[in-house]
Amino acid sequence: MSTTSDDLDLFTPLFKYFRRLPEINCFKEAYSIETHPTLFEHCPITLTIDVDPSLGLQPITTWSLYSCKFSDGLYFLSNSFTSAGQRQWIDRCINIYPRQDKTNLGDNSNNQHLARIRWATLGYHYDWTNKIYKQGDHTKLPNELAQLSETIVKVISSNTNCPMMQPEAAIVNYYHINSTLCAHTDHSEYDALTKPLISFSFGNSAVFLIGGHTKSECKPSPILLRTGDIILMTGASRLCFHAIPRILSDPLLNDILYTNMDDNDKVCWSYIHDKRININLRQVYA
Ligand code: SIN
Numbered sequence: 001m002s003t004t005s006d007d008l009d010l011f012t013p014l015f016k017y018f019r020r021l022p023e024i025n026c027f028k029e030a031y032s033i034e035t036h037p038t039l040f041e042h043c044p045i046t047l048t049i050d051v052d053p054s055l056g057l058q059p060i061t062t063w064s065l066y067s068c069k070f071s072d073g074l075y076f077l078s079n080s081f082t083s084a085g086q087r088q089w090i091d092r093c094i095n096i097y098p099r100q101d102k103t104n105l106g107d108n109s110n111n112q113h114l115a116r117i118r119w120a121t122l123g124y125h126y127d128w129t130n131k132i133y134k135q136g137d138h139t140k141l142p143n144e145l146a147q148l149s150e151t152i153v154k155v156i157s158s159n160t161n162c163p164m165m166q167p168e169a170a171i172v173n174y175y176h177i178n179s180t181l182c183a184h185t186d187h188s189e190y191d192a193l194t195k196p197l198i199s200f201s202f203g204n205s206a207v208f209l210i211g212g213h214t215k216s217e218c219k220p221s222p223i224l225l226r227t228g229d230i231i232l233m234t235g236a237s238r239l240c241f242h243a244i245p246r247i248l249s250d251p252l253l254n255d256i257l258y259t260n261m262d263d264n265d266k267v268c269w270s271y272i273h274d275k276r277i278n279i280n281l282r283q284v285y286a
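Residue numbers (UniProt numbering): 1 to 286.
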């Protein structure tokens, strides 16, 4: 059977390219403000609100918000977490969220099995097999997580076209250095698909690929995500194919996050030094 240009997969070849590329080249080729400044447009933040200190955020005046010129509706936010704040979120993902909610290891797993944890769901739990959420399958979304995403979306919305959202479901992804996440779209959120999806990165770096609404629509763009970075998918980008082809060991991670360690930090560092954690939140119902 011949392949037409309509069904030519432009996503998989780039996924495989970054999967195999030497780490040092990934850091150079994946888009960041430092390496590809012309691909990002700075969005000044004018809103000033009081931010709850327990969220681990820097004062809003230090945040750097950009719209990504290569993907309509995609925003990139950096410099918003303190180091202590990031340590706190990593600690929650290691010590609290896997125990409270559903994980790939079953319900209420404990951190003796941490090495085998791949995901935890909070709020409305995602049914991975049927790719749906069910009204009845719900546990409380942790307050601090709801508050964190509401705060960030409020600030971004005040300076862009991004609509507000009510966070109702979170997925925590735990990546080892060799983990990948295949190309997918997030389209199970019933009639909340016009609402943004917010995604937080902690620990080692990653190459995040974002393409079009089909794998053949356009060649995907690679973005470098570092610890503390936040992306927000809204508008056209909300339903675009995206993937993680590569986790990159960040040589500066110890310096950024764990210079003076107490005993609990040592436990967290022994986990995160060769891992990456992603927390993403979305509204499920209108
Ligand atoms: C996802 O798309 O579900 C996660 C993306 C990431 O790990 O940054």
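Don't be surprised by glycine CBs; every beta carbon is placed ideally from N, CA and C.
Indicate whether residue 172 and residue 90 have their beta-carbon atoms separated by less than 8 Å. Residue 172 sits at position 172 when you count from the first residue of the sequence shown. Residue 90 sits at position 90 when you count from the first residue of the sequence shown. Taking 8 Å as the Cβ cut-off, residue 172 and residue 90 do not qualify as a contacting pair.
Residue 287 CB to nearest heavy atom of the ligand SIN below 7 Å: The structure shown does not extend to residue 287, since the chain spans only 1 to 286, so no value can be given for it.
Looking at the secondary structure, which residues open and close the alpha helix (DSSP H) in which residue 17 lies? Within the sequence shown, residue 17 is the residue found at index 17, counting from 1. In the DSSP assignment, residue 17 falls within the unbroken alpha helix (DSSP H) covering 11-20.
Is DSSP giving residue 53 helix, strand or coil here? Counted from its first residue, the sequence shown places residue 53 at position 53. Residue state, collapsed to three classes: helix.
Please find out if some non-hydrogen atom of the ligand SIN comes closer than 7 Å to the beta-carbon of residue 213. Working through the sequence shown from its first residue, we reach residue 213 at position 213. False, no ligand heavy atom lies under 7 Å from that Cβ.
Is any heavy atom of the ligand SIN found at a distance shorter than 7 Å from the C-beta of residue 236? To locate residue 236, count along the sequence shown from 1; it is residue 236. Flag unset: Cβ of residue 236 not near the ligand SIN.
Any idea which residues DSSP pairs residue 289 with across the strands? Nothing in the structure corresponds to residue 289, since the chain is present only between 1 and 286.
Closer than 7 Å by C-beta to residue 1: which residues in its own chain qualify, once you throw out the five before and the five after it? Chain order, please. To locate residue 1, count along the sequence shown from 1; it is residue 1. Confidence at residue 1 is low in this model, with a pLDDT of 49, below 50, so the placement of that residue should be treated as unreliable; the coordinate-derived value is given next. Taken in chain order, the list of residues that qualify is empty.
Looking at chain B, is there any beta carbon in it that lies within less than 8 Å of the beta carbon of residue 52? No chain B is part of this structure, which consists of one protein chain only.
Give me whichever residues DSSP pairs with residue 173 in a beta bridge. As a working note, residue 173 is residue 173 in the sequence shown. 119 and 278, per the DSSP bridge assignment.
Starting from residue 41, follow the alpha helix (DSSP H) in both directions and report where the run begins and ends. Residue numbering aside, residue 41 sits at position 41 when the sequence shown is read from its first letter. Unbroken run through residue 41 is the beta strand (DSSP E), 40-42; no alpha helix (DSSP H).
To the nearest angstrom, how far is it from the Cα of residue 215 to the Cα of residue 245? Locating residue 215 in the sequence shown gives position 215, where the first residue counts as 1. Locating residue 245 in the sequence shown gives position 245, where the first residue counts as 1. Roughly 15 Å separates the two Cα atoms.
Unbroken alpha helix (DSSP H) runs of length 4 or more, entirely within the UniProt domain "Fe2OG dioxygenase" (166-285): which are they? 253-257 and 263-272
Quick check: is any heavy atom of the ligand SIN less than 7 Å from the C-beta of residue 281? For the purposes of this step, residue 281 is taken as residue 281 along the sequence shown, with counting starting at 1. No, the ligand SIN has no heavy atom inside 7 Å of this Cβ.
Check whether the Cβ atoms of residue 248 and residue 27 sit closer than 8 Å, and answer yes or no. Along the sequence shown, read from residue 1 onward, the residue named residue 248 stands at position 248. Along the sequence shown, read from residue 1 onward, the residue named residue 27 stands at position 27. Yes.
For residue 68, write down the residues that DSSP places opposite it in a beta bridge. Counted from its first residue, the sequence shown places residue 68 at position 68. Its beta-bridge partners are 40.
Output the boundary residues of the alpha helix (DSSP H) element that contains residue 88. Within the sequence shown, residue 88 is the residue found at index 88, counting from 1. Here the alpha helix (DSSP H) through residue 88 covers 83-95.
Beta-carbon within less than 6 Å of residue 258's beta-carbon, same chain only, minus the 5 sequence neighbours each way: which residues are those? Residue mapping note: residue 258 aligns to position 258 of the sequence shown, counting from 1. Excluding residues within five positions, the ones whose Cβ falls inside 6 Å are 265 and 269.
Inter-residue spacing [alpha-carbon to alpha-carbon] between residue 163 and residue 135: Here residue 163 corresponds to residue number 163 of the sequence shown, with the count starting at 1. Here residue 135 corresponds to residue number 135 of the sequence shown, with the count starting at 1. So the two alpha carbons sit approximately 24 Å from each other.
Hey, residue 76 and residue 58 are a contact pair by Cβ (cut 8 Å); roughly how many whole angstroms apart? Start at 1 with the first residue of the sequence shown, and residue 76 comes out as number 76. Start at 1 with the first residue of the sequence shown, and residue 58 comes out as number 58. No, residue 76 and residue 58 are not in contact; Cβ-Cβ is about 16 Å, not under 8 Å.
Tell me the rounded alpha-carbon separation between residue 241 and residue 37. For the purposes of this step, residue 241 is taken as the residue at position 241 of the sequence shown. For the purposes of this step, residue 37 is taken as the residue at position 37 of the sequence shown. Using only the alpha carbons, I get a separation of about 23 Å.
Could you work out which residue in 14, 212 and 51 is closest to residue 186 when comparing CA atoms only? Position 186 of the sequence shown, counting from 1, holds the residue named residue 186. Measuring from the Cα of residue 186, the nearest candidate turns out to be 212.
Residue 273 versus 238, 176 and 200, residue with shortest Cα-Cα distance: On the sequence shown, residue 273 is found 273 positions in, with the first residue counted as 1. Of the candidates 238, 176 and 200, the one whose C-alpha sits nearest the C-alpha of residue 273 is 176.
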